[in-house]
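Visitor:
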Amino acid sequence: MSIKDFSFQFLNHNLKKLSFAVKEPKKITKEIPINPKIGMSWKIDEKKILAILQTVDIEGENLPFTLSVSIEGYFQLNGVTPTKEEITKIAFINCGAVMFPFVRETIASITTRAGSAPLLLPSVNFINLYNVVKEASN
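Sequential numbering from 1 applies to the sequence shown in the numbering used here.
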């Protein structure tokens, strides 16, 4: 597939799941490392609407809360229909990067509303995420 034979357009996103639980209050005296687990999956319909489900789970023994957020984003594919492998690459790299700010904002907002400082997730290298998934599937 040639890049000039294909394009995609972001249509919308929806919050699919939000789970947040505050643990017993602890006095936090130092910065706690957070290791979010990011998951992604995709499906495409007959109208070439690509639905991407992006999930971020944050939990750990020393954290003051547990949190899980899933957001589904919708993209219109235009032009030549990509192969399954090409769609996976587009979904994880391009669409994942477009959607992550919505997940990040949701997490910052919910942690602020819970009375703590906003949790601002670091940037994610979606190329590396795709490569990890690709290697795991081989």
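Glycine residues also receive a C-beta, built at the ideal position from the N, C-alpha and C atoms.
Is the beta carbon of F126 less than 9 Å from the beta carbon of I93?
Guide: Taking the sequence shown and counting its residues from 1, the one referred to as residue 126 is at position 126. Taking the sequence shown and counting its residues from 1, the one referred to as residue 93 is at position 93. In contact: F126 and I93 (Cβ atoms closer than 9 Å).
Visitor: If T112 sits next to V69, beta carbons under 8 Å apart, how far is it from one beta carbon to the other, in whole angstroms?
Guide: Counting from one through the sequence shown, the residue named residue 112 turns up at place 112. Counting from one through the sequence shown, the residue named residue 69 turns up at place 69. The pair is not a contact, with the Cβ atoms about 14 Å apart (cut-off 8 Å).
Visitor: Let me check understanding here. Comparing Cα to Cα, which of F10, L15 and E31 lies closest to L119?
Guide: Here residue 119 refers to the residue found at position 119 when the sequence shown is read from its first residue. Closest by alpha carbon: E31.
Visitor: I'd like to know whether the C-beta atoms of V56 and V98 end up nearer to each other than 9 Å.
Guide: One-based indexing of the sequence shown puts residue 56 at position 56. One-based indexing of the sequence shown puts residue 98 at position 98. No, the Cβ-Cβ distance between V56 and V98 is not below 9 Å.
Visitor: Taking only runs of the beta strand (DSSP E) that begin and end inside the segment 47-108, which ones reach a length of at least 3 residues, in chain order?
Guide: Whole beta strand (DSSP E) segments, 3+ residues: 49-58 and 65-79.
Visitor: Taking Cβ positions, are G96 and V124 nearer each other than 9 Å?
Guide: Residue numbering aside, residue 96 sits at position 96 when the sequence shown is read from its first letter. Residue numbering aside, residue 124 sits at position 124 when the sequence shown is read from its first letter. For G96 and V124, yes; Cβs fall inside 9 Å.
Visitor: If I measure Cβ to Cβ from D5 and keep anything under 6 Å in the same chain, skipping five residues before and after, which residues do I get?
Guide: Residue 5 sits at position 5 when you count from the first residue of the sequence shown. Cβ within range, chain order: G79 and V80.
Visitor: What separation, rounded to the nearest whole angstrom, lies between the Cα atoms of L192 and P82?
Guide: The structure shown does not extend to residue 192, since the chain is modelled only from 1 through 138, so no value can be given for it.
Visitor: Within the same chain, show all residues whose beta-carbon is closer than 7 Å to that of V22, passing over the 5 residues directly before and after it, in chain order.
Guide: Taking the first residue of the sequence shown as 1, we reach residue 22 at position 22. Excluding sequence neighbours, V22 sits near P64, F65 and A114.
Visitor: Whose C-beta lies closer than 6 Å to the C-beta of N12 among residues of the same chain, with five residues either side of it excluded?
Guide: Locating residue 12 in the sequence shown gives position 12, where the first residue counts as 1. Taken in chain order, the residues that qualify are Y74.
Visitor: Am I right that Q76 and K48 are in contact with their C-beta atoms under 8 Å? What's the rounded C-beta distance?
Guide: As a working mapping, residue 76 is identified with position 76 in the sequence shown. As a working mapping, residue 48 is identified with position 48 in the sequence shown. At roughly 7 Å, the Cβ-Cβ gap stays under 8 Å, so Q76 and K48 are in contact.
Visitor: For Q9, count the other beta carbons within 10 Å of its own beta carbon; 16 or more makes it buried, fewer makes it exposed. Which is it?
Guide: Against the sequence shown, residue 9 aligns to sequence position 9. Exposed: under 16 other Cβ atoms inside 10 Å.
Visitor: On the DSSP bridge assignment, give the partners of A21 in chain order.
Guide: The sequence position of residue 21 within the sequence shown is 21, counting from 1. Note: A21 sits in a beta bridge opposite T66.
Visitor: Given 8 Å as the limit, tell me if G60 has its C-beta closer than that to any heavy atom belonging to the ligand ZN.
Guide: This structure lacks the ligand ZN, and indeed carries no ligand of any kind.
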